[in-house]
């Protein structure tokens, strides 16, 4: 039995190597005494919270990719558009109503995308579809700002702003936790639960999974492909709205919100592009990895190479994913792809 | 601009655009770059026009604001087209490679001032090619969308390196660098006309090289890899050679274009000059112009340079007053919309329309 495990480990040595490296990177600050236990936990928790927010964006990518095989580069623009719409509408009405109207807009957007983009481009290569979503992304960024304005707007979700301190008696100074992030994490957890139920238990959800599995077979048994696309883009619009609300209340609603999606991209890829749990786990890994890199590795790099400041979280997520893909090209839970001529 | 003038030239010659009577008696004649005599004469006339007439008629403003950026962007677009259009490896990091070229050129001119600028260009293209190979290596293992993310890693890493590693900016405290006018064998490239001629000459050389590469053995191996990499491997194309050579050549073009963009167009620049926006813009250019086509790179770059100008003029003509922010939003909307339209209606871009036009002209007025 144990020899079988050893053989498996030997067979998958790159995975073992990468996991060891990651674990070593995680443990290094504690082992070398750079950080106290309290500070270490604080960074870890902060990373997990940030990771939850990344998963939220990555979820949008995964949903659309699963159902229509489109890698939706416009997810970030959708987040921006939904947040802008909510923020501007909320100036005239209660927030809940504004958010509902924004959701209607996102559904309308899904219908338009299906009509004008997906339908004419059906059966094109994945890369052509990716480029089309780049076009949608640019269009939506311009359109959103043309309609709703290009200043910084606020969304007030009524979340508590002041951080709380836990475990003050066990660690010196306690652990600082942002309540806002905590609330966001709870929202995301609930959202994932709802989506999971929707996908597993409802007829529409089953249809979506059938389309994701094999859309020719799904069509053959009478699942309307076009309507499924509209639904899945609407669900992605809903996820974008939630992401826009959470990120918008954190950072303010502004153009840079669409760049948040660029962080969701490596998360989705790390998780395997077709897996919802993968997106969540990928988000957590990237969130923690990035925080550790920024706090510990960044300092070390700045000391060794005399850099001006850190800023390595700008690229760390991407390089981490790149290293991961070299070992496991299909991501964490992605489907293994076999090429045939 | 060149496109419109060529169209009117051609329509004047309508009936003359025929190849009957032009017999090829050797393989060399059959394989030549422009097999139709009219095309050859047209190309000679076009090049002569660009080298001799344009410097006389174009104002400094037109050269500086339109023609020079157009020419440099064309070089970059040809480079990206070699990678995306010919070899099928999608890249979102081309501006990063342009940045490598620009910063290497800057460092060379600062640290080794006596170096000839052409050598500087060659070296900056070469170092961009090396960086391109390094970041292109993952393409051997990961494909398509996954590769797009890998090239984004290159873009963001290089962005960071330009801003944070003091070596790149030769320890400039603000992070921005500025250049002196170039001197080339006693020719001081300072007036817009001089810059124009230098860039035009380089573009002609690089276009010729790119065109010939694409129709040679290596170009055919790129296209086989693009069309189906597993099948290409089975018939004996080595993926490592095909993919990495595409990355190298593409990054070389990007590096040269970046050095020219920095030294000739911008003069002084900040790290943000080579951001991911630039990468996306280059991708738009080759989609609109035509993937896998040299002439498409020209069309795409021309389109990209001309569209903002038109958008600036049209609302004024219609008597509508738009703010600058609104103009940039409109520009984004039109670009985004056009990309979707092109992908849906004409996936091969403006270059395909050009080819259809030529084909129609050849059989005009009897379309059978």
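Chains as they are written, first to last, in the working numbering: chain D, 1 to 341; chain S, 1001 to 1368.
Note that the Cβ used here is the ideal one computed from N, Cα and C, for glycine as well.
Source: prediction; values computed, not measured.
query: Can you find at least 3 beta carbon pairs, one from the region 176 to 188 of chain D and one from the region 112 to 131 of chain D, that sit closer than 8 Å?; result: no
query: Which residues in chain S sit within 8 Å of residue 150 (chain D), going by Cβ to Cβ distance?; result: 1325 and 1329
query: Look at residue 1136 (chain S) and residue 1251 (chain S) and say whether their C-beta atoms are less than 9 Å apart.; result: yes
query: Taking residue 251 (chain D) and residue 257 (chain D) to be in contact with their CB atoms under 8 Å, please state how far apart those CB atoms are, rounded to whole angstroms.; result: 7 Å
query: Check whether the Cβ atoms of residue 1125 (chain S) and residue 1093 (chain S) lie closer than 9 Å to each other.; result: no
query: On a Cα-Cα basis, can you pick out the residue from D:226, D:27, D:49 and D:138 that is closest to residue 67 (chain D)?; result: D:226
query: Just verifying my parser: in three-state terms, what is the DSSP assignment at residue 1286 (chain S)?; result: helix
query: Looking at the strands, I want to know which residues DSSP matches up with residue 1064 (chain S).; result: Per DSSP, none; premise fails for residue 1064 (chain S).
query: Let me check understanding here. Comparing Cα to Cα, which of D:179, D:56, D:264 and D:289 lies closest to residue 189 (chain D)?; result: D:56
query: First and last residue of the beta strand (DSSP E) that includes residue 175 (chain D)?; result: 175 to 177
query: Please name the residues in the region 61 to 86 of chain D whose beta-carbon is closer than 7 Å to at least one beta-carbon of chain S, in chain order.; result: 71
query: Less than 9 Å between CB atoms is the rule here; does residue 1013 (chain S) satisfy it with respect to chain D?; result: Caution is warranted here: a pLDDT of 48 is assigned to residue 1013 (chain S), below 50, making its placement in the model unreliable, and the coordinate value is therefore given only provisionally. It does not; no Cβ of chain D falls within 9 Å.
query: Within the same chain, show all residues whose beta-carbon is closer than 7 Å to that of residue 114 (chain D), passing over the 5 residues directly before and after it, in chain order.; result: 226, 229, 230 and 233
query: If the cut is a Cβ gap below 7 Å, which residues of chain S does residue 126 (chain D) touch?; result: 1144 and 1145
query: Note down, in chain order, every chain D residue with its Cβ under 8 Å from the Cβ of residue 1160 (chain S).; result: 311, 312, 314 and 315
query: Please state whether DSSP places residue 165 (chain D) in a helix, a strand or coil.; result: strand
query: Using DSSP's beta-bridge definition, name the partner residues of residue 1188 (chain S).; result: S:1183
query: Counting only beta-carbon atoms, is residue 141 (chain D) nearer than 9 Å to chain S?; result: yes
query: So with CB distances below 9 Å, who are the chain D contacts of residue 1339 (chain S)?; result: 131, 132, 134, 135, 136, 138 and 139
query: Can the beta-carbon of residue 325 (chain D) be found closer than 9 Å to that of residue 1134 (chain S)?; result: no
query: When you compare the CB positions of residue 1339 (chain S) and residue 1274 (chain S), do they come within less than 9 Å of one another, or not?; result: no
query: List, in order along the chain, the chain D residues whose C-beta lies closer than 9 Å to that of residue 1333 (chain S)?; result: 138, 139, 140, 141, 142, 143 and 146
query: Which ranges would you report for the alpha helix (DSSP H) in the region 247 to 330 of chain D if only whole runs of at least 4 residues count?; result: 257 to 271, 276 to 292, 298 to 305 and 313 to 327
query: List, in chain order, every chain S residue whose beta-carbon is nearer than 9 Å to that of residue 16 (chain D).; result: Within chain S, no residue comes near residue 16 (chain D); the closest Cβ sits about 18 Å away, beyond 9 Å.
query: Taking C-beta pairs closer than 7 Å, name the residues in chain S that residue 224 (chain D) reaches, listed in chain order.; result: Result: empty, since nearest Cβ-Cβ is about 21 Å, beyond 7 Å.
query: Just list the residues that DSSP pairs residue 1269 (chain S) with in beta bridges.; result: S:1177
query: Could you pull out every residue in the same chain whose Cβ sits closer than 6 Å to the Cβ of residue 88 (chain D), ignoring the five residues on either side in sequence?; result: 148
query: Taking CB distances under 9 Å as the criterion, tell me whether residue 336 (chain D) reaches chain S.; result: no
query: Under a CB-based cut-off of 9 Å, is residue 1141 (chain S) close to chain D?; result: yes
query: Report the rounded CA-to-CA distance for residue 1270 (chain S) versus residue 1159 (chain S), giving the unit in angstroms.; result: 11 Å
query: Name the chain D residues that come within less than 8 Å of residue 1138 (chain S), Cβ to Cβ?; result: 322, 325 and 326
query: Is the separation between the beta-carbon of residue 312 (chain D) and that of residue 298 (chain D) shorter than 9 Å?; result: yes
query: Can you say whether residue 282 (chain D) is buried or exposed, counting buried as having 16 or more other CB atoms within 10 angstroms of its CB?; result: buried
query: For residue 1312 (chain S), count neighbouring Cβ atoms within 10 angstroms of its own Cβ and tell me buried if that reaches 16, exposed if not.; result: exposed
query: Exposed or buried, what is residue 1013 (chain S) when buried is set at 16 or more other beta-carbons lying within 10 Å of its beta-carbon?; result: A caution first: residue 1013 (chain S) carries a pLDDT of 48, below 50, which makes its placement in the model too unreliable to give a value.
query: Whole angstroms is fine: what's the gap from residue 279 (chain D)'s alpha carbon to residue 271 (chain D)'s?; result: 5 Å
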